[in-house]
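Residue numbers (our numbering), protein chains in the order written: chain A, 596 to 880; chain B, 11 to 303.
Quick reminder that beta carbons are idealized off the backbone N, C-alpha and C, glycines included.
Here the structure is a predicted model, which is why all the values come from computation and not from measurement.
Have a look at the structure below, then the notes.
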C-alpha cells in the first residue's frame with residue numbers, strides 16, 4: 596500500500612450506480628438504484644423513474660419533508676435495509692451555509708447519499724524543530740471502523756450547529772481539551788471525498804483544523820469513543836499509512852493533508868500532485 | 011476592513027474557467043496533453059508531415075514514434091514560425107510535455123510555445139514570511155516592466171517555471187538566488203506546503219499550470235534584493251493588507267494570487283465562516299480536465 600491508495604480508496608464512488616435525488620429541483624443526494632426501487636413504494640413521497648428520484652412537490656417545506664422522509668427512513672430501518680439508528684439529526688443542504696431543506700436521521704445520511712459535513716482536528720506538539728501528532732485508537736464498540744487509529748478530535752456537524760461550536764464540543768467530549776485551548780485551533784483547509792463504503796455512499800466534506808498543544812498536555816477521552824491516545828512522530832504516522840489500513844479511512848486523508856502542509860511529503864514524492872489534488876472530489880456539490 | 015464583504019471568488023471571475031469547447035485537443039503519442047485554438051490549429055495544418063487535424067483534435071503524427079523524432083519535428087516547425095514572428099517571448103528553454111509532474115516526457119518544447127499548445131506547465135512559488143508577534147508578514151514583489159508576462163504586476167518574492175532537467179530543489183535554489191538574493195543556506199529552509207492549479211485563457215492560447223508552493227520563514231532583518239532585473243521592488247505586507255488587496259484589487263498576477271489565497275487558507279486567515287470557503291478551496295485544487303485517452 597502507498598499513500599495514494601488511501602486517496603483512491605476514499606475517492607472510489609462510481610456515480611453510475613446511484614440516481615440523483617432532488618428536492619425542489621435541486622440535488623440533495625444520491626440514492627442507490629435498488630434503494631430507489633424501494634422508494635418507489637412510497638408514491639406520495641417520491642417520484643421515481645430510471646433517471647432520478649424526486650421528492651414530491653407537495654412536501655414544500657422543512658417540516659413536511661422531514662416528517663415524510665423520517666417515516667420512510669424508519670420503515671426502511673425496521674425492514675433491515677440499514678442499521679445503527681442514532682437519534683441525531685443532520686441537515687440536508689445543497690450548499691454549506693444555506694438554510695437546510697430538511698433534517699434527516701444521521702444513520703440515514705448514507706442511505707440518501709446526502710452530503711455530510713464534519714470537523715477534524717490535528718493536535719500536534721512541537722519538539723525542537725519536529726512535530727509530533729496525538730493519535731487516538733477508536734473504541735472497539737464504535738459502529739464505524741472500530742479499533743482503528745484516529746486523530747485527536749473529529750465529529751459530524753449536526754443540525755443547528757456551527758463549525759467552531761461543533762469543534763469546541765468535540766474537543767471537550769473526545770479529548771477533554773478546555774474551551775480556552777480549543778479556541779486556539781486554526782482552520783487550515785477542507786477535504787472532500789466521495790466513497791462507497793460497505794455498499795453505502797459517504798459523501799463528505801471535512802473542515803480541517805490544526806491545534807498546537809503544550810508539551811505537558813495529555814488528552815483524556817470523555818465519551819467512550821476513543822480507547823487510548825499516543826503521541827506519534829510524523830515518520831511513524833507516514834509509515835503506518837504506507838503499511839496499510841490501520842487508520843480510519845477518512846482520517847488517512849486528513850493525515851496526508853497534514854504531512855503535505857507541514858512539508859513532511861516533498862514534491863519529489865512520485866505521487867505528490869496526485870496526493871495534493873486528490874484531497875478534493877470535484878464532480879458534484 | 012472595508013473590503014471584507016467582497017468575495018474572494020472575484021479572483022476567479024478575473025480569469026474565468028476557460029471555455030474549452032472551441033479548442034482542439036492536442037494529442038501526442040495517443041495521449042491528450044493540451045488544447046489548441048482554431049487559428050493555431052490552422053497554422054499547424056500547414057505542416058502535414060508532422061501534424062494532422064481531426065474534427066476535435068490535433069495530432070502530432072504517430073509516425074514520430076520516438077521522443078527524439080517528436081522533439082526535432084516540433085523544434086523545426088516552431089523555428090519556422092518564430093522566424094515569421096509567430097511565437098512571442100521566445101525563451102530558449104525546453105519544457106517537458108506530460109500529464110503529471112515527474113512522468114517521463116512525451117515531448118520537449120520551447121517554453122514560449124506552451125500556451126499555443128495549451129500544455130500543462132509546472133512552477134514553484136515561494137511565500138517569503140516574517141514573524142510578527144503571533145502573526146505573519148509577507149514579502150511581495152513587483153514585476154519589472156520588462157517582463158514578457160504580466161509586467162508591473164505584484165508577485166511572490168520568488169517564483170519560476172520548471173524547465174526540463176532541473177529538479178524542484180535545484181530550481182528553488184536558483185530562483186531564490188536570482189530573484190531575491192536568498193542564499194542556499196536560507197533557501198534550503200523553504201518548506202513544501204501545497205499544490206495549486208490554474209487554467210486561464212491568454213492572448214496566445216491557454217495557460218495550464220500546476221504550482222508547487224513553498225513557505226520560507228525569513229529573518230526579520232533580511233531584505234530581499236533582485237539580481238536579474240526581473241523584479242522592480244519588494245514590499246513587506248501585513249496579512250490584513252494582503253487579504254484586503256486580494257478582495258478589492260487585481261494587482262497580483264493570477265498564479266501568485268492563487269498562492270496567496272492558498273496561504274491565507276492555510277494560515278487560517280480565511281475560515282469556514284467565509285461563505286465562499288469551500289468554493290475557494292475547490293477552485294485552488296482543480297486538476298486540468300484531460301480526456302482520458
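6 Å CB neighbourhood of residue i in its chain, flanking five on each side removed
i, result
"residue 745 (chain A)", "731, 733, 843, 846"
"residue 39 (chain B)", "116"
"residue 8 (chain B)", "In the structure as shown, chain B starts at 11 and stops at 303, and residue 8 (chain B) therefore has no counterpart that could be examined."
"residue 235 (chain B)", "191"
"residue 715 (chain A)", "749, 801, 803, 849"
"residue 212 (chain B)", "125"
"residue 697 (chain A)", "657, 660, 661, 687"
"residue 822 (chain A)", "732, 734"
"residue 111 (chain B)", "132"
Alpha carbon of residue i to alpha carbon of residue j, nearest angstrom
i, j, result
"residue 108 (chain B)", "residue 667 (chain A)", "51 Å"
"residue 837 (chain A)", "residue 851 (chain A)", "11 Å"
"residue 711 (chain A)", "residue 605 (chain A)", "14 Å"
"residue 766 (chain A)", "residue 866 (chain A)", "33 Å"
"residue 119 (chain B)", "residue 93 (chain B)", "16 Å"
"residue 11 (chain B)", "residue 254 (chain B)", "Residue placement at residue 11 (chain B) is flagged as unreliable, the pLDDT there being 45, under the threshold of 50; a coordinate-derived value is accordingly withheld."
"residue 153 (chain B)", "residue 171 (chain B)", "15 Å"
"residue 180 (chain B)", "residue 167 (chain B)", "17 Å"
"residue 748 (chain A)", "residue 657 (chain A)", "31 Å"
"residue 824 (chain A)", "residue 737 (chain A)", "16 Å"
"residue 282 (chain B)", "residue 797 (chain A)", "21 Å"
"residue 89 (chain B)", "residue 102 (chain B)", "11 Å"
"residue 177 (chain B)", "residue 614 (chain A)", "46 Å"
"residue 735 (chain A)", "residue 743 (chain A)", "8 Å"
"residue 275 (chain B)", "residue 649 (chain A)", "37 Å"
"residue 13 (chain B)", "residue 256 (chain B)", "Bear in mind that the predicted position of residue 13 (chain B) carries a pLDDT of just 47, short of 50, making it too unreliable to give a figure here."
"residue 228 (chain B)", "residue 241 (chain B)", "18 Å"
"residue 284 (chain B)", "residue 685 (chain A)", "21 Å"
"residue 869 (chain A)", "residue 273 (chain B)", "20 Å"
"residue 28 (chain B)", "residue 741 (chain A)", "45 Å"
"residue 670 (chain A)", "residue 677 (chain A)", "10 Å"
"residue 44 (chain B)", "residue 210 (chain B)", "13 Å"
"residue 127 (chain B)", "residue 300 (chain B)", "13 Å"
"residue 640 (chain A)", "residue 680 (chain A)", "21 Å"
"residue 310 (chain B)", "residue 654 (chain A)", "Within the shown structure, residues of chain B are numbered from 11 to 303, placing residue 310 (chain B) beyond reach of any answer."
Proximal residues of chain B, C-beta to C-beta of residue i below 7 Å
i, result
"residue 802 (chain A)", "282"
"residue 868 (chain A)", "110, 111, 205, 220"
"residue 781 (chain A)", "278"
"residue 861 (chain A)", "202"
"residue 865 (chain A)", "112"
"residue 758 (chain A)", "282"
Contact set for residue i: own chain, Cβ-Cβ below 7 Å, skip 5 residues either direction
i, result
"residue 158 (chain B)", "99"
"residue 51 (chain B)", "34, 63, 68"
"residue 707 (chain A)", "616, 624, 626, 699"
"residue 247 (chain B)", "147, 148, 150"
"residue 693 (chain A)", "none"
"residue 81 (chain B)", "117, 118"
"residue 87 (chain B)", "57, 60"
"residue 788 (chain A)", "605, 606, 799, 845, 848, 876"
"residue 55 (chain B)", "61, 63"
"residue 779 (chain A)", "806"
Partners in chain B for residue i, counting only beta-carbon separations shorter than 8 Å
i, result
"residue 694 (chain A)", "Simply none; closest approach about 13 Å."
"residue 748 (chain A)", "None at all; the shortest Cβ gap to chain B is about 15 Å."
Partners in chain B for residue i, counting only beta-carbon separations shorter than 9 Å
i, result
"residue 641 (chain A)", "Result: empty, since nearest Cβ-Cβ is about 29 Å, beyond 9 Å."
"residue 812 (chain A)", "Those within 9 Å of residue 812 (chain A) in chain B number zero; the least Cβ separation is about 19 Å."
"residue 691 (chain A)", "282, 285, 287, 288"
Residues that residue i contacts on chain A, provided the C-beta gap is smaller than 9 Å
i, result
"residue 296 (chain B)", "872, 875, 877"
"residue 275 (chain B)", "782, 783, 784, 785"
Per-residue contacts from residue i into chain A (C-beta, under 8 Å)
i, result
"residue 105 (chain B)", "Correct list: empty, because the minimum Cβ distance to chain A is about 16 Å."
"residue 292 (chain B)", "787, 875, 877"
Same chain, Cβ closer than 8 Å to residue i, neighbours up to 5 away in sequence not counted
i, result
"residue 199 (chain B)", "226, 227"
Where the stretch 832–859 of chain A meets chain B: residues whose CB sits under 8 Å from a CB there: 855, 856, 857, 858
Stretch pair the stretch 21–32 of chain B + the stretch 174–185 of chain B: three plus CB contacts closer than 8 Å: no
contact_flag[the stretch 259–275 of chain B, the stretch 196–210 of chain B] where n(CB pairs < 8 Å) is 3 or more: yes
Contacting positions in the stretch 704–730 of chain A - beta carbon closer than 8 Å to chain B: none
Cβ contact check for the stretch 121–136 of chain B and the stretch 210–224 of chain B: 3 or more pairs under 8 Å: yes
contact_flag[the stretch 768–779 of chain A, the stretch 809–819 of chain A] where n(CB pairs < 8 Å) is 3 or more: yes
Three or more C-beta pairs below 8 Å linking the stretch 641–656 of chain A and the stretch 714–725 of chain A: no
Sufficient close CB pairs (3 or more, under 8 Å) joining the stretch 852–864 of chain A to the stretch 781–794 of chain A: yes
Chain A contacts made by the stretch 151–184 of chain B, where a contact means CB separation under 8 Å: 177, 178, 179
Residues in the stretch 665–676 of chain A having any Cβ partner in chain B nearer than 7 Å: none
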